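2 protein chains.
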Amino acid sequence: MTLAEIGAGPVAILAGSGQLPLLVADRLAAAGREHRILAFRGFADRALRSRADAVLGLLDIRGAIACLDAWRPVAVTLAGGVRRPGASVALDAFSLVRNRREIAAVWARGDDNLLRAAVALIEERGYRLLGIADLAPELLAEETLYGRHAPDAAGRAEIGLGFALLARLSPFDIGQAAVLRGERVVAIEGPEGTDRMLARVAEIAKPGPFRRRPFGGVLVKGPKLGQDLRVDLPAIGPRTIVNAARAGIAGIAVASGGTIVLDRARTVAEADRLGLFLIGTDTRQGAGTG
Amino acid sequence: MTLAEIGAGPVAILAGSGQLPLLVADRLAAAGREHRILAFRGFADRALRSRADAVLGLLDIRGAIACLDAWRPVAVTLAGGVRRPGASVALDAFSLVRNRREIAAVWARGDDNLLRAAVALIEERGYRLLGIADLAPELLAEETLYGRHAPDAAGRAEIGLGFALLARLSPFDIGQAAVLRGERVVAIEGPEGTDRMLARVAEIAKPGPFRRRPFGGVLVKGPKLGQDLRVDLPAIGPRTIVNAARAGIAGIAVASGGTIVLDRARTVAEADRLGLFLIGTDTRQGAGTG
Chain A
1 MTLAEIGAGP VAILAGSGQL PLLVADRLAA AGREHRILAF RGFADRALRS RADAVLGLLD
61 IRGAIACLDA WRPVAVTLAG GVRRPGASVA LDAFSLVRNR REIAAVWARG DDNLLRAAVA
121 LIEERGYRLL GIADLAPELL AEETLYGRHA PDAAGRAEIG LGFALLARLS PFDIGQAAVL
181 RGERVVAIEG PEGTDRMLAR VAEIAKPGPF RRRPFGGVLV KGPKLGQDLR VDLPAIGPRT
241 IVNAARAGIA GIAVASGGTI VLDRARTVAE ADRLGLFLIG TDTRQGAGTG
Chain B
291 MTLAEIGAGP VAILAGSGQL PLLVADRLAA AGREHRILAF RGFADRALRS RADAVLGLLD
351 IRGAIACLDA WRPVAVTLAG GVRRPGASVA LDAFSLVRNR REIAAVWARG DDNLLRAAVA
411 LIEERGYRLL GIADLAPELL AEETLYGRHA PDAAGRAEIG LGFALLARLS PFDIGQAAVL
471 RGERVVAIEG PEGTDRMLAR VAEIAKPGPF RRRPFGGVLV KGPKLGQDLR VDLPAIGPRT
531 IVNAARAGIA GIAVASGGTI VLDRARTVAE ADRLGLFLIG TDTRQGAGTG
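Protein sequence lines correspond, in order, to chains A and B.
Numbering-wise, our numbering puts 212 at position 212 of the first sequence, and it's gapless, one number per residue.
Numbering-wise, our numbering puts 439 at position 149 of the second sequence, and it's gapless, one number per residue.
Structure below.
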């Protein structure tokens, strides 16, 4: 489905954290498409909230439905992270004191279930849910080597092992990234996110005195097997490259077709400058071997 | 095999980090068994090094073999961690500058391979390798509920999911512990160790304002499937309980028969005091379901 194929009417953006919601909004604006933004408090950043048609708490499900029913969008998209960053959601949830039990229940069920419930709710009410592949396909990683550095044989082995690991983790509600060095898993991403995982790797790697980049290794990132690719795609950007370089990592491999590369020109330029490879890998064929 | 069944002659302790080597040495001393301690620099603590018959770098394989050949032990045991804590090993390795390439190769292969190579080397040279089950079985977790707190239904579900996760991670060279809350994996242990993983969980949990322990959840810890139970068993102790409590965790489940409980009396007392459950779980039957 492309923008042109969607019938007349507004597109509703349910906006979480990061740059993605703004990028989607900008692209819709550039294509002359009417759109409405529902920003989630505690996730959507200030710039987005100032452009939003509504700002709601993530758990204000009735409010979100009321917005959609008022806007009658021809399509809905969930853009940006709603993975809990820590304080903000708790504080937000706290504001709905009468709902403590409900909050605790949603909380316990995990992000995956939260997202699945959101998708079901949107579709049950007759709205069409679109993903980045529909609205901004140019943001998705391709199966290609970006930039001018390439993985060596060790790097290729680490990439294979890394995606096998992520495949095995797919049934569990956990991050979609890991760092490998040789046959060793140095870190698996939890709710702290990629940047903080890389900070941890940098901390572990720090004191190696006998080379500047002590160990090499690779960051792998991609969606889960069987994940609904319309929501919650993993993303990298220029900051990911800088943090990976600080962690002494030799390169980054992302699952093609299922990972967002934000600000591609700058991301590739940073990788070139810092000596990291950046590769989009088709993980579907190897997925069964994990 | 028990101490009494081992023939006459000294037992050699190849000693890494933590309290375990001293506990084993004390037990051998109490049983009137002659023993020799080879302490690994950068791992074994000061108290142990002062009692050691030899102190060597972890990668000084020739030196270690020379010790064994001089002592002619009737049995050898590897006690204490040799998982790389960061700086110390790199510094140690650095001292052998002529061996950079060899070091890099050992490094890249990961800890599992390092341990397997050590076990093979000891056995190839005709020495009998004994584990904690042989030398100090009272240190191993039993299948029982310790202390006076018990997991509720949610806790039992988290324990099951947690050991299923660890089972799936077994083929990879990665830590042997994880924290789960509801259906969500909050952290998987990497080379940073359990205490630092728990600090990370505490950081994530910190600002939840609507209860004192914001989310509950469980720490699971155990050896890998198929792991040689004579070496590198996971361990918990009083500090683990304190750190788990700080992370807002409701309890700890360890794999019975494959996890060391250090200072059991104090560990259980801390769990009781802080309101955590501590349970030894038989993970073998459930292992195939992961």
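Every residue gets a Cβ at the ideal spot worked out from N, C-alpha and C, and that includes glycine.
Quick caveat: nothing in here was measured; it's all calculated off a predicted structure.
TODO: Indicate whether at least one CB of chain A lies closer than 7 Å to the CB of G516 (chain B).
DONE: Counted from its first residue, the second sequence places residue 516 (chain B) at position 226. Chain A contact via Cβ: absent.
Task: Where the beta strand (DSSP E) through T367 (chain B) begins and ends - done: Reading the second sequence from its first residue, position 77 is the one you call residue 367 (chain B). Residues 365-369.
- [ ] Examine chain B for any beta-carbon lying closer than 7 Å to the beta-carbon of A250 (chain A), and answer yes or no.
- [x] Within the first sequence, numbered from 1, the residue matching residue 250 (chain A) stands at position 250. Not one chain B Cβ lies under 7 Å of A250 (chain A).
Task: Beta-bridge partners of I13 (chain A), as assigned by DSSP - done: The residue labelled residue 13 (chain A) in the question sits at position 13 within the first sequence. BP columns for I13 (chain A) point to A:I37, A:T77.
Task: With 16 other Cβ atoms within 10 Å as the buried cut-off, status of P191 (chain A) - done: Counted from its first residue, the first sequence places residue 191 (chain A) at position 191. That one is buried.
TODO: Could you tell me whether the Cβ atoms of C67 (chain A) and L38 (chain A) are closer together than 7 Å?
DONE: Here residue 67 (chain A) is taken as the residue at index 67 of the first sequence, counted from 1. Here residue 38 (chain A) is taken as the residue at index 38 of the first sequence, counted from 1. Result yes, Cβ atoms of C67 (chain A) and L38 (chain A) sit closer than 7 Å.
Open item on the list: With the cut-off set at 7 Å, would you say L523 (chain B) and S460 (chain B) are in Cβ contact?
Closed with: If you number the second sequence from 1, residue 523 (chain B) lands on position 233. If you number the second sequence from 1, residue 460 (chain B) lands on position 170. No; because the gap between Cβ atoms is not below 7 Å, this pair is not in contact.
TODO: In angstroms with no decimal places, state the Cα-to-Cα distance between G275 (chain A) and H149 (chain A).
DONE: What you label residue 275 (chain A) is simply residue 275 of the first sequence in a count that begins at 1. What you label residue 149 (chain A) is simply residue 149 of the first sequence in a count that begins at 1. Each residue's Cα considered, the two are about 7 Å apart.
- [ ] Flag A477 (chain B) as yes if its beta-carbon sits less than 7 Å from any beta-carbon of chain A, otherwise no.
- [x] Translated into positions along the second sequence, residue 477 (chain B) becomes position 187. Yes - at least one Cβ of chain A is within 7 Å of the one on A477 (chain B).
Open item on the list: Going by beta-carbon coordinates alone, are T557 (chain B) and I531 (chain B) separated by less than 7 Å?
Closed with: Looking up residue 557 (chain B) in the second sequence gives position 267. Looking up residue 531 (chain B) in the second sequence gives position 241. In contact: T557 (chain B) and I531 (chain B) (Cβ atoms closer than 7 Å).
Task: Straight-line Cα distance separating R458 (chain B) from G162 (chain A) - done: Within the first sequence, residue 162 (chain A) is the residue found at index 162, counting from 1. Within the second sequence, residue 458 (chain B) is the residue found at index 168, counting from 1. About 14 Å.
TODO: Give the interface partners of P191 (chain A) over in chain B, defined as CB-CB distance under 9 Å, in chain order.
DONE: For this step, residue 191 (chain A) is matched to residue 191 along the first sequence. When 9 Å is used as the limit between beta carbons, P191 (chain A) is near these residues of chain B: R474, V475, V476, A477, I494, in chain order.
Open item on the list: Taking beta-carbon pairs under 9 Å, can you tell me which members of the stretch 56-74 of chain A lie near chain B?
Closed with: none
Open item on the list: Counting only C-beta atoms, is R438 (chain B) closer than 7 Å to chain A at any point?
Closed with: Here the question's residue 438 (chain B) lines up with position 148 in the second sequence. Chain A, which has no Cβ nearer than 7 Å to the Cβ of R438 (chain B), makes this no.
TODO: Give me the Cβ distance between V76 (chain A) and A8 (chain A), rounded to the nearest whole Å; I'm assuming they're in contact under 8 Å.
DONE: Position 76 of the first sequence holds residue 76 (chain A). Position 8 of the first sequence holds residue 8 (chain A). Contact doesn't hold; Cβ gap of about 15 Å is too wide.
Task: Closest residue to I539 (chain B) among B:S340, B:A545, B:I355, B:G506 (Cα-Cα distance) - done: Here the question's residue 539 (chain B) lines up with position 249 in the second sequence. Checking every option, the nearest Cα to that of I539 (chain B) belongs to B:G506.
TODO: Under 6 Å Cβ to Cβ from V201 (chain A), same chain only, skipping five residues before and after it: list those, please.
DONE: Taking the first sequence and counting its residues from 1, the one referred to as residue 201 (chain A) is at position 201. The answer, listed in chain order, is V179, V186, A187, A247.
Task: Cα-Cα separation, I422 (chain B) to L429 (chain B) - done: Taking the second sequence and counting its residues from 1, the one referred to as residue 422 (chain B) is at position 132. Taking the second sequence and counting its residues from 1, the one referred to as residue 429 (chain B) is at position 139. Taking the straight line from one Cα to the other gives about 8 Å.
- [ ] Determine the contact status of F567 (chain B) and G541 (chain B), defining contact as a CB-CB distance below 7 Å.
- [x] Looking up residue 567 (chain B) in the second sequence gives position 277. Looking up residue 541 (chain B) in the second sequence gives position 251. In terms of Cβ geometry, F567 (chain B) and G541 (chain B) form a close pair [threshold 7 Å].
Open item on the list: In this structure, how does DSSP classify I122 (chain A) when only helix, strand and coil are distinguished?
Closed with: The residue labelled residue 122 (chain A) in the question sits at position 122 within the first sequence. Helix at I122 (chain A).
Open item on the list: Taking the alpha carbon of T292 (chain B) as the reference point, which residue from B:D553, B:L425, B:V314 has its own alpha carbon closest?
Closed with: Here residue 292 (chain B) refers to the residue found at position 2 of the second sequence. It is B:L425 whose Cα lies nearest to the Cα of T292 (chain B).
Open item on the list: Taking the straight line between their C-alpha atoms, what separation do you get for R317 (chain B) and G175 (chain A)?
Closed with: For the purposes of this step, residue 317 (chain B) is taken as residue 27 along the second sequence, with counting starting at 1. For the purposes of this step, residue 175 (chain A) is taken as residue 175 along the first sequence, with counting starting at 1. Each residue's Cα considered, the two are about 43 Å apart.
- [ ] Kindly identify the DSSP beta-bridge partner or partners of G280 (chain A).
- [x] The residue given as residue 280 (chain A) occupies position 280 in the first sequence. Answer is A:V254, bridged to G280 (chain A).
TODO: With DSSP collapsed to three states, give me the class of V268 (chain A).
DONE: Numbered from its first residue, the first sequence carries residue 268 (chain A) at position 268. In this structure, V268 (chain A) counts as helix in the three-state DSSP scheme.
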